[in-house]
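One point on numbering: in my numbering, the residue at position 816 of the sequence shown is 808, and numbering is uninterrupted.
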Amino acid sequence: MDIESEKRRVSVITQIDPHSFKELSENGNLSRTESDNKMYDGNTYRRGSRKLTTTLNHLALFKDDEIHPPHGHTTFFSPYITPGPGERAQSEKKKANLGVMLGVYLPTIQHILGVTMFIRLFWVVGIAGVPHTMILLFLCCSCTLLTSISLSAVATNGIVESGGSYFMISRNLGAEFGSAVGILFYLANTVATSMYLVGGVEVMLLYIFPNLTIGGEEVHGDTSVWGMMSHNYRIYGTLFLLLEVLICAMGVKFVQLLAPISLGCVILSILACFGGGIEKAVTHSGLHVCMLNQQLLPTKIFLPDHAPLSDVCKYCIKSEGLSDDFCQNETETLFCSHFAAGNLKCINAFPGINATILASNMVSMYMKAGESLPDIKADVGLEVFQDVDTTFFVLLAIYFPAVTGIFTGTNMSGDLKDPQKSIPFGTIAATLSTSFIYYALAILFGASIPGPVLRDKYGKSLASSLVVASLSWPSPWVVIIGSFLSTFGAALQCLCSAPRLLQSIAKDDVIPFLRPFARVTSKNEPFLGLLFTAFIAEFAILLGAVDAIAEVLDFFFLMCYASVNLICALHSLMKAPNWRPRFRYYHWSLSLLGAFLCFFIMFSSRWQYALISIFLTMTIYKYVEWKGAKKEWGDGIRGLALTTAQVSLLNVEDKDPHPKNWRPQLLIMLNSYMSKDIIDMRSLSLLHLASQLKAGRGLAMVVTLINGDPGKKEDKKKANDIKVRLQKDIEETRLKGFAKTLIYFKDQVPGCISALFQSVGIGGLKPNTVLINFPKTQGKFQFTEKDLFAEELLKGSNSEYCILIAKGITDFPSNDEKLRGNVDIWWMAEDGGILMLMAFLLSQNKIWKGCTLRVLLIANSFKGNTKDIQKQFEKFVYLLRVDAKVYIVDQKTPDSSDNNSLNKTDINDEKKDNSFSNNSTPKKEGYNNVTFTKETDEIQIDLGSPYDSNESENERDSTMNFKMNENLGCNHKIREAMMLNNIICETSNDSQLVLLSLPKIPRNKDQIIDDYITYLNILTMKLPRVLLIGGSGKEVVAITS
């Protein structure tokens, strides 16, 4: 026996269909076995004990036994598709399992081919002319077609659950943006229901049952807000809304079964229009209208009651009764003379398709309300006139709702059998079909009906007949019934999809007060959402006329369309790994063009409504963001932010910035005294100071050093708790930055801090300034703090950081205080003006804005004239463009009078006050090594060994109450610090803040701990708030623009 044949297989390869997950035979066809109709899970066995599964649970690496995925298994594709496993949990409710035709194509066409096509398209052609109508239709149809392409790409990039457009937007742009646009789109569908119902009422009262009009037929033109016809719209619209709510409550399947019937009547109506255009061109049997010169006359003023429309020409004469109407019924003299001199004629209103009519309708006739012709006022009641001001963009706003509805199939995604296949094919096919119909109808109307008749919006010249219906063949009732059913059917589609959209938003629980609408009935019907939708639709019905509702409706749809286009464009440009749509016929440029068209139509129609819709979107966005919606699908905006940050970082060169662009990018070093529940006031005050210094600009990184073991869970948990607390403190102090915790071993302090200072940041975006607290000199933590302080100074200096040391940090103001007084800058070393820059940045904050900046220089003897030195320094500060006052402090010898003189100069005043100057100082006493040197327009201040005294150490100890160690080897430095401290305290005792140049940092750690900290402590004694600033030499403040 062959050994190979005895080998036992441990795996079986089975090809499955990626759409249905059914087994394929060897030739690639679906297997016809009886088991194809079974649902497989982790416990399903096929013949021969062979297991077909997509879970691969037994191959999971390092899987915890206690972790059980939802419903007992996780699909093999779980990590690769959006949303996550929990989001994809199948509903126990039954789906309708609709296909392409019943689920997407027919509902979308039914929604698009609404009432506007029959009652407004002919009027748009008459006002705008055929060329402008083609442009208008091109804008509308291009917008929806480009959006359909983007929609197809987004819909095929993963599973589409119930919620349709909202589901796609929220899973791609995050819960905040998805909820904002989803709410607007829900309102759009709800308001569209009202528009279609009001349009259906208009068809019924004007053309089917005019006798049902409350107030009589004479109120048909009274469409003002409180007009009687508007009240008719409200009353009958409410009754129709209640009827449609009852139909929708029967279920989506029942609604979709009505769709073919309604759509069939609409298609017959369209064919009847084309048939009428051809028939009337052959038989010349169209109805006639009466015209006075170029103005149409309504039939009610000359045609007797019960007289047929076919007798219009018989009564279109200058009869005595007609003359009385124009000349004796309180009309203006102008209208009487116009009638007397004018020519009454009877013309064929429907000559059929011919080139002459088409050529005459090439001219635009935009008019204002109350005009019968451009710039010609009509005799209201005796001539046909326009009831609204008309421009190209007004017509665009009125007609755009006629092309909306492309998301109807997407909103039914929860009831589709295969959304990824049905949505692209059905939506694009429906968009192209309806676009072709609109173009064809526009050309038909322009070539078959004269312009004056087209501009008769309500058919007053035809005894209030629908103009399009009068064109149709074989009977006007075909179009009238079809237009009424189209409105009724489109309203049903909107009223059916809107509650499902609301239920999907409520189910995600991102807006808490919508939570009750997540419930559905046993038939998976959102009944509570249906009632709420009807309630909102009723408010829209109260607006009255169709045109008023249409203008509001546009912007809700356009915001959603623009969002879908932006999703497709951004994902395509970012090339996100998760962006793998099955629909391939898309491009980012088409999506951007679609988004541009959406915003163009919004702002060109009514920019006020456009701003309101954007404001509503941002309001809902901020609300959801405030409520902290964190869902498992993640935030697509974060991906965009990361990509944008990456591009920006790559464009920032990894080198020192130009002095003009230099600003402090802070690295804030904190200790580990804080915890999740304990607030360290020193650390919190340091964050407040950083916030005041940054004013929300630039980079800030806050690092907390924690002594522990990075491998221990306890220390890692402690670090995470501190980071959470730190992030909360950063938010409270309004500091824009990042929090980081760093765990270190006690013997790794030098290497840890050195690595941090060298590696922190990324590319050209990295800190250049380290902000640290002055260490404690008493208590149990003083040695640890001194050690960390010394390492931070050394490593910061070696890494060429600008160093800021805050002493007395708990006395610094919080972000809720406002200070008044002085901020003193003691300029004692050449540092490129870094002290001036820091003081200026602080003064820009509201806390320090009320303080006056003072620049103080210590001087005793100068090589040259003191006045010249003052003027040079004033000029330098002035060129820095900092609002500050300059003072020169003259140090007296111990034998001199205690009345130290101040030489004061205000650089902002032309008048200088020099009354306090005193130059009678001994030459070689005190700070006799302080010198000023001018080199090429720059001022250099060199501080040497400033004070030489024979004062004994015992006297000094008793005076300063400070124990000196003779082994320090720097007693003269201590004397220097004591004398400088006396000078600073005398001048800046009442100042709110003192800024000092940081003395040169020793290169030895022990010297810092033993000597340097003591020196700084003596230098800053008795000063409540001190900021020591040491530059790296790179912070040269530019005086050029």
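Built from N, CA and C at the ideal position, the CB exists for glycine as well.
Annotation for Tyr307: Cys282, Phe294, Leu295, Pro296, Ala299 place their beta carbon closer than 8 Å to its own, counting only its chain and skipping 5 residues before and after.
Inclusion of His103 and Gly443 in the CB contact set at 8 Å is not warranted, their separation being larger than that value. Going by DSSP, Phe730 is part of the beta strand (DSSP E) stretching over 730 to 736. Scanning its chain for C-beta atoms nearer than 6 Å, with the 5 sequence neighbours on each side dropped, one finds around Cys132 the residues Phe392, Val395, in chain order. As the crow flies, the alpha-carbon of Asn1009 is around 27 Å from that of Pro759. For the set Phe342, Val258, Asp448, Ser464, the Cα lying nearest the Cα of Met359 is the one of Asp448. In this structure, Ala455 keeps its C-beta atom at 8 Å or more from the C-beta atom of Ile472.
Straight-line measurement puts the Cα of Tyr430 at about 21 Å from the Cα of Thr382.
In this structure, the straight-line span from the alpha carbon of Ser746 to that of Pro573 is close to 47 Å.
In this structure, Thr733 sits away from Lys709, with a CB-CB distance that is not shorter than 8 Å. Take Leu301, set aside five residues on each side of it, and the residues of its chain with a beta-carbon closer than 6 Å to its own are Leu279, Ala455, in chain order. One thing to note: Phe331 has its Cβ within 8 Å of the Cβ of Phe318. At a Cβ-Cβ threshold of 8 Å, Gly438 and Val122 count as neighbours. Here the C-alpha atom of Lys272 lies approximately 21 Å from the C-alpha atom of Lys452. The criterion of a C-beta distance shorter than 8 Å is not satisfied by Ser489 and Ser142. Rounded to whole angstroms, the separation of the alpha carbons of Gln286 and Val355 is 15 Å. For Asp379, there is no enclosing beta strand (DSSP E), as DSSP marks it with neither H nor E.
Around the beta carbon of Gln774, fewer than 16 other beta carbons lie within 10 angstroms, which makes this residue exposed. Partner residues in the beta bridge of Gly813, as assigned by DSSP, are Cys843. In its chain, beyond the 5 residues on either side, Ala731 have a beta carbon closer than 8 Å to the beta carbon of Gln719. Within the DSSP secondary-structure output, Gly1022 pairs in a beta bridge with Ile795. With 16 or more other CB atoms across the displayed protein chains lying within 10 angstroms of its CB, Ile660 is buried. Scanning its chain for C-beta atoms nearer than 7 Å, with the 5 sequence neighbours on each side dropped, one finds around Cys843 the residues Leu811, Arg812, Gly813, Asn814, Val815, Ser835, Gln984, in chain order. Listed in chain order, the non-local C-beta contacts of Thr635 below 7 Å within the same chain comprise Met566, local neighbours out to five positions each way being set aside. Going by C-alpha positions, Ser457 is about 15 Å away from Gly192. Assignment of Leu336 by DSSP, reduced to helix, strand and coil, places it in the strand class.
The Cβ atoms of Thr108 and Ala529 do not sit closer than 8 Å to each other. A distance below 8 Å between beta-carbons, with the five flanking residues on each side excluded, links Thr185 to the following residues of its chain, in chain order: Leu233, Glu236, Ala483, Cys486, Leu487, Ala490, Thr525, Ala529, Ala532.
According to DSSP, Ile368 shares a beta bridge with Leu365. Straight across, the Cα-Cα distance linking Ser675 with Gly729 is about 15 Å. The Cβ-Cβ distance between Ala782 and Leu678 does not fall below 8 Å. Exposure of Val639 is indicated by the presence of fewer than 16 other C-beta atoms within 10 angstroms of its C-beta. For His280, DSSP records a beta bridge to Asn340. For Cys257 and Tyr613, the gap between their C-alpha atoms comes out near 42 Å. Collapsing the DSSP output to three states places Glu517 in coil. In the structure shown, the three-state DSSP call for Leu871 is helix.
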